[in-house]
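2 protein chains.
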Amino acid sequence: MENLINYLLQFGQLNQQQIELIKSKAKVIELKKEDYFSEAGKISRQVAFVDGGILRVCYYNNKGEEITRYFIDENNFAVDLNSFSYQIPSSEYVQAVTDCKLLVFSAEALKDLSLTIIAWNSIISAITAKSLIEKVNRISPMLAEDAKARYISFLDKFPQLANRIPLSLLASYLGITQSSLSRIRKNIR
Amino acid sequence: MENLINYLLQFGQLNQQQIELIKSKAKVIELKKEDYFSEAGKISRQVAFVDGGILRVCYYNNKGEEITRYFIDENNFAVDLNSFSYQIPSSEYVQAVTDCKLLVFSAEALKDLSLTIIAWNSIISAITAKSLIEKVNRISPMLAEDAKARYISFLDKFPQLANRIPLSLLASYLGITQSSLSRIRKNIR
DNA sequence: TTCAGTTTTTGCCATTTGGCAAATGTTGTT
DNA sequence: AACAACATTTGCCAAATGGCAAAAACTGAA
């Protein structure tokens, strides 16, 4: 659980006792490739820290196409904030792209932590803000780029991810077809 | 200032004394169309609540093209979180699209409020999370849509905005050229 | 190794979007 | 009204991307 603790410590101070409490609340879950962590239509009641592997968040648009909104890799939290914060049914799926090891916190566990650890809420809101800002900053410029530039930016920001993600998923994340992405890759070599 | 107070009350409770304190910390600023609220390269030290008018956040990409990242209309906060939270130079401009009336809080004023009003931090982090989630939810599906669908979605979500925003800015927000947008509009009528 | 199942690449052509410049329309000022 | 300044539309053509299906490459199990 060292990854998780180190991650949290970036956002606030925790003493040894608090660290032990946090560890005691985390449940380790292993997902096989293509397993779901959460599904559309259900209310999300847990939060996962990705200790190993890659998740993706996806949904189906009105044409029935499967769209990948983003990937979540090691040392990041996965949570459907829309559903978790407001307790409304989720509109998207969280699925394992590769086999994954997750550290999962239930809503009750988080509640306990926030009541016991003074800095907890401030840590969580810092993490929330940072990860949302990252998402906005990553997605926003893509609109102004063409397909090739998007792919290059992706390689640039996530050099280690491109090989671990099937082409079809990456294409849907980039907002282009799989064949176009394949041609772009050929074109770049 | 009623708009501001009503907005804040959606996110937490405030008594009359606290409301007066908040009002006393806000500075009213009027911007003329095309004036800047904040500029790239500078560290952002204030936060604005848009009481009237429309702002936009924009930057210049590596080709020198001006890109509009998003619009901020009445009853929303404008803040460059990257710059304000981490005190680093901003990479974008916040500019008035129309004449605007803003209620501005300095970093010091916000600090005072957070020390005096117990619920303040929780209100602010709820607002921050909500507005970031909205941005992600708005931008993210656009990647999977073609130009026409993006424009229609925009009309759908912001029917009142389209007429108030110059075509060139809307086009750069949608990630398409002005001529394409013009053709799309003709096509739709 | 072989085979079936899956993923990726490719060819062909249609459609969408961009680039550029000229024409047209709009707005505000004198 | 007349003009300048600015915004929008349009025509023409080139480039980018999509759609579809077949071929090729890859993967894992027997």
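The listed protein sequences correspond, in order, to chains A and B.
Numbering follows the UniProt record's numbering, with no gaps: position 48 of the first sequence is 48.
Numbering follows the UniProt record's numbering, with no gaps: position 90 of the second sequence is 90.
Glycine included, every Cβ here is placed at the ideal spot set by N, Cα and C.
Values in this document were obtained by computation on a predicted structure and should not be read as measured data.
Terminal residues of the beta strand (DSSP E) in which residue i lies
i	result
A/F49	46-52
B/V104	100-106
A/R56	55-60
A/R164	First-last for A/R164: undefined, no H or E at that position.
A/I72	66-72
Residue i vs residue j beta-carbon contact at 8 Å
i	j	result
A/T70	A/E92	The question names Thr, yet the displayed sequence has Tyr at residue 70 of chain A. Contact: no.
B/I54	B/L181	no
A/A126	A/F37	no
A/S83	A/I43	yes
B/V97	B/R56	yes
A/N3	A/D73	no
B/Y151	B/N75	no
A/F154	A/L174	yes
residue 190 of chain A	B/L81	Outside the displayed range of chain A (1 to 189) lies residue 190 of chain A, so it cannot be described from this structure.
B/C100	B/E30	yes
B/I188	B/A147	no
B/A40	B/F77	no
B/K23	B/M1	yes
First through last residue of the alpha helix (DSSP H) which encompasses residue i
i	result
B/E30	Run containing B/E30: none in the alpha helix (DSSP H); it sits in the beta strand (DSSP E), 27-31.
B/A96	Taken as a continuous stretch (DSSP letters only), B/A96 belongs to no alpha helix (DSSP H), being part of the beta strand (DSSP E) at 93-96.
A/I43	Per DSSP, A/I43 belongs to no alpha helix (DSSP H) and is neither H nor E.
B/S168	167-174
B/L181	178-188
A/S38	Taken as a continuous stretch (DSSP letters only), A/S38 belongs to no alpha helix (DSSP H), being part of the beta strand (DSSP E) at 36-38.
A/F154	147-157
A/F84	81-86
A/E134	120-139
A/E2	2-9
Counted within 10 angstroms of its Cβ, other Cβ atoms place residue i as buried (16 or more) or exposed
i	result
B/L143	buried
A/V28	exposed
A/Q13	exposed
B/Q46	buried
A/L102	buried
B/I118	exposed
B/T116	exposed
A/T68	buried
A/T128	buried
A/K32	exposed
A/Q95	buried
B/K63	exposed
B/K135	buried
Task: the stretch 165-175 of chain A / the stretch 85-101 of chain B touching (three or more Cβ pairs under 8 Å) - done: no
Open item on the list: With three or more beta-carbon pairs closer than 8 Å as the criterion, would you say the stretch 111-119 of chain A touches the stretch 108-122 of chain B?
Closed with: The stretch 111-119 of chain A vs the stretch 108-122 of chain B: no contact.
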